[in-house]
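Residue numbers for the sequence shown follow our numbering, beginning at 3 and rising by one. Backbone N, C-alpha and C fix where the C-beta goes; we use that ideal spot for every residue, glycine too. Here's the structure, in structure tokens; my notes come after.
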Amino acid sequence: MVKRSLRMSVGARAVRALTARRSAAGLYPAYSESTSFLGPEPTGFEAAHVHVREKRKLSRRLREFFVYSPALGRTVGVRVLLPGIPQEHAVPLFLFHGGGDDFRSWTDLGRAELHTRGSRFLVVMPDAGAAVYSRHELTPGHVEDWPEFHVRELPMLIGDLYSTCPELRVAAGLSMGGYGAMKYAAWRPDLYAAAAAFSSPLIPQAAPPLFEILALRAGAPADSLFGSFKDGDARWEANSPYDLAENLRGLDIWLSAGSGTPDDAENSSESADVMEAHLHNHGGRFAERLSELGIKHAWAPRETGMHNWFAWQRELKAWLAHATQADLDRSPTSTPSRDPRPRFWTSVADGAPFTFISGLPVFEIYGWKVEISRRRPQIVTFGDVSPSGFTLNGAGTFRVTSPPMFMPGAEASITVRSPLGVNPYTTRADASGAISITGQMGAALHDPIVPGNRTKHFRTWGQAAVTEVIIRGQRKDSDKSATMERSRKPKKLPKGGG
Numbered sequence: 003m004v005k006r007s008l009r010m011s012v013g014a015r016a017v018r019a020l021t022a023r024r025s026a027a028g029l030y031p032a033y034s035e036s037t038s039f040l041g042p043e044p045t046g047f048e049a050a051h052v053h054v055r056e057k058r059k060l061s062r063r064l065r066e067f068f069v070y071s072p073a074l075g076r077t078v079g080v081r082v083l084l085p086g087i088p089q090e091h092a093v094p095l096f097l098f099h100g101g102g103d104d105f106r107s108w109t110d111l112g113r114a115e116l117h118t119r120g121s122r123f124l125v126v127m128p129d130a131g132a133a134v135y136s137r138h139e140l141t142p143g144h145v146e147d148w149p150e151f152h153v154r155e156l157p158m159l160i161g162d163l164y165s166t167c168p169e170l171r172v173a174a175g176l177s178m179g180g181y182g183a184m185k186y187a188a189w190r191p192d193l194y195a196a197a198a199a200f201s202s203p204l205i206p207q208a209a210p211p212l213f214e215i216l217a218l219r220a221g222a223p224a225d226s227l228f229g230s231f232k233d234g235d236a237r238w239e240a241n242s243p244y245d246l247a248e249n250l251r252g253l254d255i256w257l258s259a260g261s262g263t264p265d266d267a268e269n270s271s272e273s274a275d276v277m278e279a280h281l282h283n284h285g286g287r288f289a290e291r292l293s294e295l296g297i298k299h300a301w302a303p304r305e306t307g308m309h310n311w312f313a314w315q316r317e318l319k320a321w322l323a324h325a326t327q328a329d330l331d332r333s334p335t336s337t338p339s340r341d342p343r344p345r346f347w348t349s350v351a352d353g354a355p356f357t358f359i360s361g362l363p364v365f366e367i368y369g370w371k372v373e374i375s376r377r378r379p380q381i382v383t384f385g386d387v388s389p390s391g392f393t394l395n396g397a398g399t400f401r402v403t404s405p406p407m408f409m410p411g412a413e414a415s416i417t418v419r420s421p422l423g424v425n426p427y428t429t430r431a432d433a434s435g436a437i438s439i440t441g442q443m444g445a446a447l448h449d450p451i452v453p454g455n456r457t458k459h460f461r462t463w464g465q466a467a468v469t470e471v472i473i474r475g476q477r478k479d480s481d482k483s484a485t486m487e488r489s490r491k492p493k494k495l496p497k498g499g500g
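This is the structure we're talking about:
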């Protein structure tokens, strides 16, 4: 077992080394210097909308934007590479940087412009601050919501600026950027067709010092990202691609990492790279987890390779070749007979059931919105989801809003069944055809926070208690009501559901 102090030291040295390497290039002014020419940040109406404040043309294909983000409350840089092979509707590739770098790193140090010259992707390289790729409360009331910017605001803006394929989105990144790419794909598999991670910490619980260092670099307390382990693991698991791996089913997944030894060990003065060796272990464990779940993926470990730009240029080039072969960068307009979405997306759109794992109190997936009122963080499985119903595990009350799939204004019969009892009631679809369902999850009122004499009378089902919801309503695409035969016995939750 590597001591925590050693891991902290190695992680700090790695981030400092990357920052020094970036600064040595002479092309990286500080944040205040790179945005000061824009003047004060927007206020009022302008501050409520994501928008471009400045645009520059750097080369035939490379553009640089300075974008104001309401989710961040400030302006950040974004670079965009136009497709090497022009497309009527380009597939956007969101290429994320690592700790110690910024939005300019992939083009200035990673030679992304050269390596994508034969690609059809519209490459979007946004800034990610300290590279936490998480919602980060820096101080009370001051929150930087990087997932909101990267997953919602920026794609919407890019769609307005360029002709992109709305059905497809791809994410990739190096080090912490690969963590962000894989986490975003696990959070919203309905938005991404593929995710790639090069030398990335995909199991946050196995690398807490790295995340603590990044929190400190952002100017916040070390435990400000996912809390202290003494308060439980739920927040860490909610931000862990490893724990959310089940959600990646149907996506094209690529993982790579070096061994930590120099490529030319005999003629190199460099010592072994402990950081890269540690992340190689992350990639191997993540690949094993995907194999256990029966999820197809590509794991490309290297016998040599360190945590540096030479390795990441090589990995980007290798993955782009894979993406081209897999047609990930091809617009559906160029091959009309091919459905650009993964087959899993198509089956869900046709009403096939799906299962999704989340640790967020509010999340959206395939048009469904789930809101959970809870006493403390927990991992919830939203299971067997179809027009006929779903299951939920955990404690608290819930509100689930369906996609607009029912006849507007039509009455629907709802049955909520859990260890607490059976609660049947009726509701109506709204004007769009969506149905809102509320209820109490099975573990609610039976999962006391503070043990003691006053709570001994509680019967405890715990986190695994399953609440089953049955929906009987008229679908838009059918004259018959949508029903589904469900067992009265709650179904066993998939591994990782609680």
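For residue i, which of helix, strand or coil comes out of DSSP?
i	result
Ser25	In this prediction, Ser25 has a pLDDT of 47, which is less than 50 and means its spatial position is unreliable; nothing more can be read from the coordinates.
Ala208	helix
Thr306	coil
Tyr70	strand
Leu193	coil
Phe105	coil
Phe384	strand
Tyr427	strand
Ala224	coil
Lys232	helix
Arg219	helix
Phe312	helix
Val52	coil
Pro168	coil
Glu90	coil
Ala188	helix
Ser375	strand
Glu43	coil
Arg62	coil
Ile359	strand
Met178	helix
Leu83	strand
Ile160	helix
Leu97	strand
Met443	coil
Ala467	coil
Ser438	strand
Val4	Residue confidence for Val4 is low, a pLDDT of 46 falling below 50, so the modelled location carries little weight; the figure read from the coordinates is stated next. In this structure, Val4 counts as coil in the three-state DSSP scheme.
Arg332	coil
Would residue i and residue j qualify as a contact pair, given that the criterion is a beta-carbon distance under 7 Å?
i	j	result
Ala197	Met184	yes
Glu278	Gly260	yes
Trp108	Phe200	no
Ser420	Arg474	no
Val402	Val364	no
Ile297	Arg332	no
Ser85	Leu124	According to the sequence displayed, residue 85 carries Pro and not Ser. Yes, the Cβ-Cβ distance between Pro85 and Leu124 is below 7 Å.
Thr417	Ile367	no
Glu48	Arg58	no
Ala289	Leu257	yes
Ala73	Glu155	yes
Gly100	Met178	yes
Ile359	Asn241	no
Ala431	Pro410	yes
Gln476	Ala412	yes
Return the Cβ separation of residue i and residue j in integer angstroms, given the expectation that the two are a contact with Cβ distance under 8 Å.
i	j	result
Ser375	Thr399	5 Å
Tyr181	Pro149	Not really, about 12 Å apart at Cβ, beyond 8 Å.
Pro355	Val387	6 Å
Leu281	Pro379	Not really, about 26 Å apart at Cβ, beyond 8 Å.
Thr393	Val468	5 Å
Thr429	Ser438	7 Å
Leu227	His138	6 Å
Trp301	Ala174	No, Trp301 and Ala174 are not in contact; Cβ-Cβ is about 15 Å, not under 8 Å.
Ile87	Arg122	5 Å
Pro405	Trp370	6 Å
For residue i, would you say it is in contact with chain B, using Cβ-to-Cβ distances shorter than 7 Å as the test?
i	result
Ala220	The displayed structure is made up of one protein chain only, and chain B is not part of it.
If we require 4 or more residues per run, which alpha helix (DSSP H) segments fall completely within the segment 107-150? Secondary structure in the segment 107-150: the alpha helix (DSSP H) runs of 4 residues or longer, each lying completely within the stretch, are 107-110, 114-117 in chain order.
The segment 124-133 contacting the segment 70-81, beta-carbon criterion three pairs below 8 Å: The segment 124-133 makes contact with the segment 70-81; the number of CB pairs closer than 8 Å reaches 3 or more.
Quick one: complete alpha helix (DSSP H) runs, 4+ long, within the segment 268-299? Listed in chain order, they are 276-295.
I'd like to know if the segment 37-57 and the segment 85-92 are in contact, where contact means that at least 3 CB-CB pairs between them fall below 8 Å. Too few Cβ pairs lie closer than 8 Å, so no.
For a minimum of 3 consecutive residues, which ranges assigned as the beta strand (DSSP E) are wholly contained in the segment 242-272? Listed in chain order, they are 254-259.
Take every Cβ of the segment 295-311, pair it with every Cβ of the segment 216-228, and state whether three or more of those distances are shorter than 8 Å. Too few Cβ pairs lie closer than 8 Å, so no.
Contiguous beta strand (DSSP E) assignments of at least 3 residues, all confined to the segment 393-426: Within the segment 393-426, the complete beta strand (DSSP E) runs of at least 3 residues are 399-403, 413-420.
Using 8 Å as the Cβ pair cut-off and three pairs as the minimum, do the segment 204-212 and the segment 233-249 touch? When Cβ pairs closer than 8 Å are counted between the two stretches, the segment 204-212 is seen to touch the segment 233-249, the count reaching three or more.
Three Cβ pairs or more, each shorter than 8 Å: is that satisfied between the segment 315-328 and the segment 109-116? Taking 8 Å as the limit for Cβ pairs, the verdict is that the segment 109-116 does touch the segment 315-328.
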